[in-house]
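For reference, the structure discussed in these notes is given below.
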Amino acid sequence: MKMRRLAFAALLVPTLAYAWPWSQDMMDQPSVKPQEPVRDGKMMAFPHRSVPVQGIPTQVADREAAKTLANPVPATPESIHEGRTLFRIVCAACHGLTGLADSPVSDKIGAIPLNDDYVQKQLTEGWIFGTITFGGAIMPPYGVPGGKTGSNDLSVEERWHVVNYVRHALIKEPVAPATQQAKTP
Ligand code: HEC
505 MKMRRLAFAA
515 LLVPTLAYAW
525 PWSQDMMDQP
535 SVKPQEPVRD
545 GKMMAFPHRS
555 VPVQGIPTQV
565 ADREAAKTLA
575 NPVPATPESI
585 HEGRTLFRIV
595 CAACHGLTGL
605 ADSPVSDKIG
615 AIPLNDDYVQ
625 KQLTEGWIFG
635 TITFGGAIMP
645 PYGVPGGKTG
655 SNDLSVEERW
665 HVVNYVRHAL
675 IKEPVAPATQ
685 QAKTP
């Protein structure tokens, strides 16, 4: 009886242990895993006619090509709210909390105000999306990895949320008294 119990206990042991040499067998196979770089550190192109299961496909070659893109994300209160959060995390450091180019580094880096007619009326939403994606002359990119300053910190959808916020709500932000004070010498 005792022996049987022992044998039974012994049977349980391997199930509690993990990382046996063979427990990776099913994973280590020649097939290409999702997101796995195959050539020069680049991800494999998706098979022809693949459909994204989430997110929205907006692929452009450069900022110039983004100029005429139509904004696929409706400027709903939710989108604007999301854009506001992201703006405060990513853009405010250079462009100021309310886009007035009044952050401590705005002048030093040459960041322009985002609440004047140039950005609010003259630029297309696609161009602003392109600027966030590819960066500007000095501004770093937030939608392409690589290079010295490149990053893909913002997904396609997040970039459009930021565009929605910049164009629909930025100029309505009350200017914080502290920000005004910071401007006066
Ligand atoms: C590291 C500083 C920095 C950050 C962060 C930054 N910008 Fe900029 N941005 C700049 C500078 C500098 C310029 C002007 C020169 C240039 O085009 O690079 C600029 C220019 C722009 C322009 C005008 C482009 C044009 O055609 O003249 C827009 C629009 C803009 N930024 C939006 C944003 C948004 C939205 C974010 C957040 C996702 C952001 N920026 C984050 C530094 C920054």
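Position one of the sequence shown corresponds to residue 505 (this note's numbering), numbered consecutively onward.
Ideal placement from N, C-alpha and C gives every residue a C-beta, glycine not left out.
Residue 543 is bridged by DSSP to 546. DSSP places residue 595 outside any alpha helix (DSSP H), giving it a letter other than H or E. Beta bridge pairing from DSSP links residue 648 with 655. With fewer than 16 other Cβ atoms inside 10 Å of its own Cβ, residue 656 counts as exposed.
In the structure shown, the three-state DSSP call for residue 660 is helix.
Taking the Cβ of residue 627 as the reference point, at least one heavy atom of the ligand HEC falls within a distance shorter than 7 Å. Assigned with DSSP and collapsed to three states, residue 625 falls in helix.
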